[in-house]
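Read top to bottom, the protein sequences are chains Z and H.
Okay, so the first sequence: first residue is 0 according to numbering that gives the first Met the number 0, each after it adds one.
Okay, so the second sequence: first residue is 0 according to numbering that gives the first Met the number 0, each after it adds one.
Glycine is no exception: its CB is placed at the ideal position from the N, C-alpha and C atoms.
Small disclaimer: the values here were computed from a predicted structure and weren't measured.
Report on the following structure.
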Amino acid sequence: MTRTLYMVSTTLFWLVVFGLGMTAVLWSPVEQGDAQAQGKTITLVELAKHAAPGNCWMAIRGSVYDLSGYLPGHPSPPDIVLPWCGKEATEAYDTKTKGRPHSPYADELLAKYRIGTLAKAP
Amino acid sequence: MSRLRTLSLPTLLLLFVGVPVFWAFPDALPFWRAVGIILGWAGAGLLLFNLLLMVREVRLASSLGGLERITAWHHQTGMAAYLLLLLHPLALAAAGWAESPELAWEVISPLSGNLAVWLGWGGLIFLMLGLAATFMSRLTYGVWRWLHSLLGGGVLIGFVHVLQLGISAGGLLALATAVLILLWRLLRVDLGTAAKPYIVTSVRSVAQSMVEISLKPLAMPVDAVPGQFVLTAFFRGPSYRGCGEFHPFTISGIGLEHELRIGVKALGDCTRRMQSLEPGVSARVHGPFGEFLKDLPSRPLLWVAGGIGITPFIGCLRQQSVATPTTLIYLYRGEQDAAYLDELAALSKHSPKLALQTEATGTGPPNLSRLLPDAGALANHECYVCGPPGLIKLVSRALIDRGVSIERIHFEHFDFR
Numbered sequence: 000m001t002r003t004l005y006m007v008s009t010t011l012f013w014l015v016v017f018g019l020g021m022t023a024v025l026w027s028p029v030e031q032g033d034a035q036a037q038g039k040t041i042t043l044v045e046l047a048k049h050a051a052p053g054n055c056w057m058a059i060r061g062s063v064y065d066l067s068g069y070l071p072g073h074p075s076p077p078d079i080v081l082p083w084c085g086k087e088a089t090e091a092y093d094t095k096t097k098g099r100p101h102s103p104y105a106d107e108l109l110a111k112y113r114i115g116t117l118a119k120a121p
Numbered sequence: 000m001s002r003l004r005t006l007s008l009p010t011l012l013l014l015f016v017g018v019p020v021f022w023a024f025p026d027a028l029p030f031w032r033a034v035g036i037i038l039g040w041a042g043a044g045l046l047l048f049n050l051l052l053m054v055r056e057v058r059l060a061s062s063l064g065g066l067e068r069i070t071a072w073h074h075q076t077g078m079a080a081y082l083l084l085l086l087h088p089l090a091l092a093a094a095g096w097a098e099s100p101e102l103a104w105e106v107i108s109p110l111s112g113n114l115a116v117w118l119g120w121g122g123l124i125f126l127m128l129g130l131a132a133t134f135m136s137r138l139t140y141g142v143w144r145w146l147h148s149l150l151g152g153g154v155l156i157g158f159v160h161v162l163q164l165g166i167s168a169g170g171l172l173a174l175a176t177a178v179l180i181l182l183w184r185l186l187r188v189d190l191g192t193a194a195k196p197y198i199v200t201s202v203r204s205v206a207q208s209m210v211e212i213s214l215k216p217l218a219m220p221v222d223a224v225p226g227q228f229v230l231t232a233f234f235r236g237p238s239y240r241g242c243g244e245f246h247p248f249t250i251s252g253i254g255l256e257h258e259l260r261i262g263v264k265a266l267g268d269c270t271r272r273m274q275s276l277e278p279g280v281s282a283r284v285h286g287p288f289g290e291f292l293k294d295l296p297s298r299p300l301l302w303v304a305g306g307i308g309i310t311p312f313i314g315c316l317r318q319q320s321v322a323t324p325t326t327l328i329y330l331y332r333g334e335q336d337a338a339y340l341d342e343l344a345a346l347s348k349h350s351p352k353l354a355l356q357t358e359a360t361g362t363g364p365p366n367l368s369r370l371l372p373d374a375g376a377l378a379n380h381e382c383y384v385c386g387p388p389g390l391i392k393l394v395s396r397a398l399i400d401r402g403v404s405i406e407r408i409h410f411e412h413f414d415f416r
């Protein structure tokens, strides 16, 4: 009984994992515009211009992200996240509640909103 | 079993699963992500509980309802933990699916280059391989035990995965608890520090491929009663070299100077080697365990023994005559396999309340409809069955068909794999 449960669950697990991998390979949503934007260099001055809830850019670990579309879905209350719009927010990102960094899931999600590289300070 | 002992395991299970889930309960996260996190912590709690069930301390085992019950829970909770941990990454992927199939894959992909994800996969694959080995009943016990220990490695890697995710407090506590329990088990059980030193004083053949071994304590003896079992390992003697593995053996008698007698049937490599044991071989004895014939009720008893399953009953009868009307049905394949047959006949002559029925069944299943008393005669009986798993199943089913309630049927499996 337990043995059958093990075999059925393990087989189903690998089928789902394999299916997910194949879907991801066949899925090609990368837009040309995004690819071009990834190469864009953004200065701290330009970053600071996007400090509003509906126009929110943040610099995290050397990249700049446009989080305007994501913020309404962010789990934390707005007053925790909004003050970081238009700013370098790596430390805030790495030390969220209880001092934990964000999860790999958040890292993957964040990558979708990348619009460029933060220019190095002169 | 007392109410407290019945409730002990479910209460511990609730604590081990409830505390981590409560501590890590996600606040305002997307549904599937929250489910993924809860599944991960519930699985982690179940694994810790499962490790605790590997510890074999005499008092702890007794307060949790006996080693047999603990082992059954170990098997079931291990499987449940595995299922939860299989679902854990799938639920996290489902959370990503809401964004895009690509993100769903990236969250769990081992190709993502994320150390935490690699460790998660590592732990899961160790669990997968360890469980696969657990189900391979044809492996020799020594090989099986080594492969089974992969599961312990999987648990440790899993908790390092939690640490790598940055969950320091929970991860460290879980990892430290797992390491402590594994060390406890290794030192006390596998390396035998909980066992007491004994020496073999005599070895007697009692049937084909079965010997009865007498052991004298070299220090404090184990505090056992016949019918209980001990985990015993044999080491070196004048010309004997034991395999040093601890195996369960039922106590078939206890002498005045605390000498133990145990019945050993050749069922595997190690027990086959024990057939050539000799006086002077050193041994270690851990126990006693088992509740099988402890605290017998004062109502009529039905005892059914199959093959080597006779040992707890002969142990009990050697100690004292039965106090209530008792029917002992002893089934064996052929005369050459029937241990203690003459001794049982002699004991029943001097015990007016004992009715002995013996039967050679050959290789086929026994004719239980003829052998077992009918429903009327079984009313108010307490039934005890010991023997191979197939026989226990057959007899239990036949007894239930005769109206005996499941609470009045007691059996022992000796399946500690």
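Item: Short CB-CB distance (under 9 Å) between Ile37(H) and chain Z; Value: no
Item: Closest Cα partner of Leu25(Z) within the set Val394(H), Leu59(H), Val210(H) and Ser99(H); Value: Ser99(H)
Item: Beta carbon proximity, Asp33(Z) to chain H, threshold 9 Å; Value: Residue placement at Asp33(Z) is poorly supported in this model, since its pLDDT is 49, which falls under 50; the coordinates are not used for a value here.
Item: The region 36–54 of chain H / the region 182–197 of chain H touching (three or more Cβ pairs under 8 Å); Value: yes
Item: Own chain, CB closer than 6 Å to Val280(H), minus 5 neighbours either side, in chain order; Value: Val199, Phe233, Gly236 and Tyr239
Item: Residue nearest to Val263(H) in terms of C-alpha spacing, selected from Val229(H), Lys293(H) and Leu46(H); Value: Val229(H)
Item: Inter-residue Cα distance where the pair is Asp222(H) and Asp294(H); Value: 16 Å
Item: Close Cβ partners of Val303(H) (< 6 Å) along its chain, the five nearest in sequence each way excluded; Value: Ile328, Val384 and Val394
Item: 7 Å Cβ cut-off: residues of chain H touching Ser102(Z); Value: Leu164
Item: Proximity test, Cβ basis, 9 Å: Pro74(Z) and chain H; Value: yes
Item: Own chain, CB closer than 7 Å to Gly252(H), minus 5 neighbours either side, in chain order; Value: Pro225, Arg260, Gly314 and Arg317
Item: Residues bridged to Leu300(H) (per DSSP); Value: Thr325(H) and Glu381(H)
Item: Minimum Cβ-Cβ distance from Met127(H) to chain Z less than 9 Å; Value: yes
Item: Within-9 Å CB hit, Glu105(H) to chain Z; Value: yes
Item: Spatial neighbours of Asp33(Z) in its chain, beta-carbon cut-off 7 Å, leaving aside the 5 residues before and after; Value: Unreliable positioning characterises Asp33(Z) in this predicted model, as indicated by a pLDDT of 49, which lies under 50. The coordinate reading is nonetheless provided below. Nothing listed; no residue qualifies.
Item: CB contact check: Leu12(H) to chain Z, cutoff 9 Å; Value: no
Item: Within-9 Å CB hit, Gly95(H) to chain Z; Value: yes
Item: Segments assigned alpha helix (DSSP H), at least 4 residues, entirely inside the region 322–366 of chain H; Value: 340–348
Item: Check whether Thr310(H) and Thr249(H) have beta carbons under 9 Å apart; Value: yes
Item: Supposed close pair Ala206(H), Gln335(H) - CB separation, criterion 8 Å; Value: 7 Å
Item: Neighbour-count burial assignment, Val321(H), 16 or more Cβ in a 10 Å radius; Value: buried
Item: Within-9 Å CB hit, Gly20(Z) to chain H; Value: yes
Item: First and last residue of the uninterrupted alpha helix (DSSP H) at Tyr81(H); Value: Leu66 to Trp96
Item: Under 9 Å between C-beta atoms of Trp104(H) and Gly112(H); Value: no
Item: Any chain H beta carbon closer than 9 Å to Ser67(Z); Value: no
Item: Test item: CB-CB of Gly386(H) and Glu244(H) under 9 Å; Value: no
Item: Where Glu290(H) sits in the DSSP three-state scheme; Value: coil
Item: Close-in-space but distant-in-sequence residues of the same chain around Ile156(H) (CB under 8 Å, 5 per side omitted); Value: Leu118, Gly121, Gly122 and Phe125
Item: Backbone secondary structure at Asp106(Z) - three-state DSSP; Value: helix
Item: is_contact[Asp78(Z), chain H] using C-beta, thresh 9 Å; Value: no
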